[in-house]
Amino acid sequence: MTTHPTTPFDGQKPGTSGLRKKTKVFMQPNFLENFVQATFDAIGGVTGKTLVLGGDGRYFGDAASQVILKMAAANGAARVIVGQGAWLSTPAASNLIRQRGADGGVILSASHNPGGETEDFGLKYNMSNGGPAPEAVTEAIFARTKVITEFHKLDAPDVNLEMVGESHLGAMTVEVVDPVCDYADLMETIFDFKALRGLFHEGFTMRMDSMCAITGPYAVEIFENRLGAPKGTVVHETPLPDFGGMHPDPNPTWAHELMAEMMGDNGPDFGAASDGDGDRNMILGRGIYVSPSDSIAVLAANAQLVPGYAGGLKGVARSMPTSAAVDRVAAALGIDCYETPTGWKFFGNLMDAGRVSLCGEESFGTGSDHVREKDGLWAVLMWLNIIAARGQSVAEIMADHFVRFGRNYYSRHDYEALPTEQANAMLGDLRARLDTLKGTSYQGLTVESSDEFSYTDPVDGSVSAQQGFRILFEGGSRVVLRLSGTGTEGATLRVYLERYVPGPDGLGEDPQTALAPIIAATEEIVGISARTGRQGPDVIT
Ligand code: G1P
Ligand code: ZN
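Quick note: the sequence shown uses this note's numbering, first residue -1, plus one each step.
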């Protein structure tokens, strides 16, 4: 008996990056099974197909992997390639799908959300290009979840995922692979490992905080084993089911241990952190924090120093709420710069069509066309390679960048777990007033234009509407507001603030000070504090 009757669950709608729920929601009988079967059905079945499977090591990932393997077998899959211990970072999974010519992959992660029995779990389906399923597919999955009546699951003992090698589950082959090796090899093809070994040999110091999440084993292999950085360069290097209680989101708030060390008197030359599933990154130098919007701009401006991009960039892309710092670099390089909705899935088409090489999001996401996901350790290696090639510190590189291109002061303010109705009403009111804002002034700032972002994919023509509110002020400042598509509790309002200063004066201000007028104007227009009763944002990045 492999066919089991079931009934639909409400709310199995994939968000910005797959389905995310409280772990206990996922652990309910049939919840995972329904979503996996709906996914298999929506992609035309998995008969004869090869899939990749792995996750970030969070609680329930191993048990969920066993369920998915048994379901893949009962649905007729030919082979599933699994990371040892059910581990794969998101970029490593993307690489494995591409390298092995797999038909797709299932990634078990809730990214930067905390893990554990009382925290979050998630599941994401990636396509044969290694990138997240596009909206047409996630909508088809959601549609299936609403009408599902049965799922298929083999009744068999668990597969041993701790040992590399092949075994069988019914007629399906399960291939357990080293999760790190292929990814580390890929990095060696992009970066100048000889120069990086030289850097560490000369005493360059680095602190890599893996936040008890999946990049630990990858970072130890790459930085300590292959590049010769001293043991202990990577901290919180063992992935734990609850991330050791850490909130594995690499930003100044959650990676506060690393922040304190880098801002201290004897901080290392370079610091970096990554998130639960290894696709995000935060970059720091001694005494300096690099905003993600600036990071992608610096990487684009210096990419030709890195062997993998020595031939030049095809183009660049950023999500709409990301600052326009990279746009200025693209203009100087004479290459195209695309503006997409939030979420990495929109970059895939541009990469597949050969239009862009580098992509970035303000949310600590940076990557390139070497895979179809953002890639935390890749971004760290890009920075290291640029530092080695220029022989300059992070602070020197940043100062030079601002002098050359001007500075896009930038900050994101998050208001978490707002009552959903309250958040919807607030933005609904803004939508209704959006057309009347033009020409009005707040805190001395005059609105030049305002709209709701809609994106037409230049490759396949698909349209994604209602992707965030933009209010542009005269002089190049702006605020963007949107609701998170990855939260699991209530609504999270994200407010993205930006102000451009051409220089040479005024390049060294504190971003919150530089943005104060825009913050005040936003309160006047939207009334966030007034309507939510919140004194200020929960997280500032
Ligand atoms: C957030 C980020 C977005 C990123 C996504 C997945 O989505 O803002 O840039 O692609 O996580 O890591 P959001 O919660 O804003 O929908
Ligand atoms: Zn992530």
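The C-beta atom is built at its ideal place from N, Cα and C for all residues, glycine as well.
Keep in mind that this is a model prediction, so the values were computed, not measured.
Could you check if residue i belongs to the surroundings of the ligand G1P, using beta carbon to heavy atom distance under 8 Å?
| i | result |
| --- | --- |
| residue 341 | yes |
| residue 92 | no |
| residue 361 | yes |
| residue 370 | no |
| residue 13 | yes |
| residue 480 | yes |
| residue 460 | no |
| residue 317 | yes |
Can you find a heavy atom of the ligand ZN that lies under 8 Å from the Cβ of residue i?
| i | result |
| --- | --- |
| residue 276 | yes |
| residue 245 | no |
| residue 110 | yes |
| residue 273 | yes |
| residue 490 | no |
| residue 126 | no |
| residue 293 | no |
| residue 88 | yes |
Would you call residue i buried or exposed, if buried means 16 or more other Cβ atoms sit within 10 Å of its Cβ?
| i | result |
| --- | --- |
| residue 144 | exposed |
| residue 423 | exposed |
| residue 96 | buried |
| residue 35 | buried |
| residue 39 | buried |
| residue 150 | buried |
| residue 102 | buried |
| residue 217 | buried |
| residue 115 | exposed |
| residue 179 | exposed |
| residue 257 | buried |
| residue 264 | exposed |
| residue 136 | buried |
My output table needs one value for residue i: the three-state DSSP class, helix, strand or coil.
| i | result |
| --- | --- |
| residue 325 | helix |
| residue 416 | strand |
| residue 255 | helix |
| residue 135 | helix |
| residue 409 | strand |
| residue 540 | For residue 540 there is no data in the structure shown, the boundaries of the chain being -1 and 539. |
| residue 87 | coil |
| residue 368 | coil |
| residue 533 | coil |
| residue 422 | helix |
| residue 43 | coil |
| residue 108 | coil |
| residue 399 | helix |
| residue 82 | strand |
| residue 281 | strand |
| residue 165 | strand |
What do you reckon, is the C-beta of residue i under 8 Å from a heavy atom of the ligand SAH?
| i | result |
| --- | --- |
| residue 483 | As far as ligands go, the structure on display features the ligand G1P and the ligand ZN and does not contain the ligand SAH. |
Report the residue from the options whose alpha carbon sits nearest the alpha carbon of residue i.
| i | options | result |
| --- | --- | --- |
| residue 421 | 349, 373, 529 | 529 |
| residue 426 | 405, 191, 526 | 526 |
| residue 419 | 488, 57, 189 | 488 |
| residue 92 | 82, 104, 312 | 104 |
| residue 292 | 339, 395, 39, 331 | 395 |
| residue 156 | 204, 136, 84 | 84 |
| residue 132 | 41, 58, 59, 55 | 41 |
| residue 194 | 531, 387, 524, 54 | 387 |
| residue 184 | 94, 37, 464 | 94 |
| residue 231 | 398, 205, 281, 177 | 205 |
| residue 65 | 323, 25, 90 | 25 |
| residue 139 | 430, 13, 324 | 13 |
* Check whether the region 39 to 47 touches the region 12 to 19, counting contact only when three or more Cβ pairs, one atom from each stretch, lie closer than 8 Å. => no
* Taking contact to mean at least 3 C-beta pairs separated by less than 8 Å, is the region 462 to 478 in contact with the region 432 to 451? -> yes
* Pair every Cβ in the region 237 to 248 with every Cβ in the region 200 to 215, then say whether three or more of these pairs are closer than 8 Å. => yes
* Asked: Is there contact between the region 26 to 34 and the region 213 to 227, where contact requires at least three CB pairs shorter than 8 Å?
  -> no
* **At least three beta-carbon pairs within less than 8 Å, the region 341 to 359 to the region 148 to 165** => no
* Count the CB pairs spanning the region 496 to 511 and the region 399 to 413 that are closer than 8 Å, and state whether there are at least three. => yes
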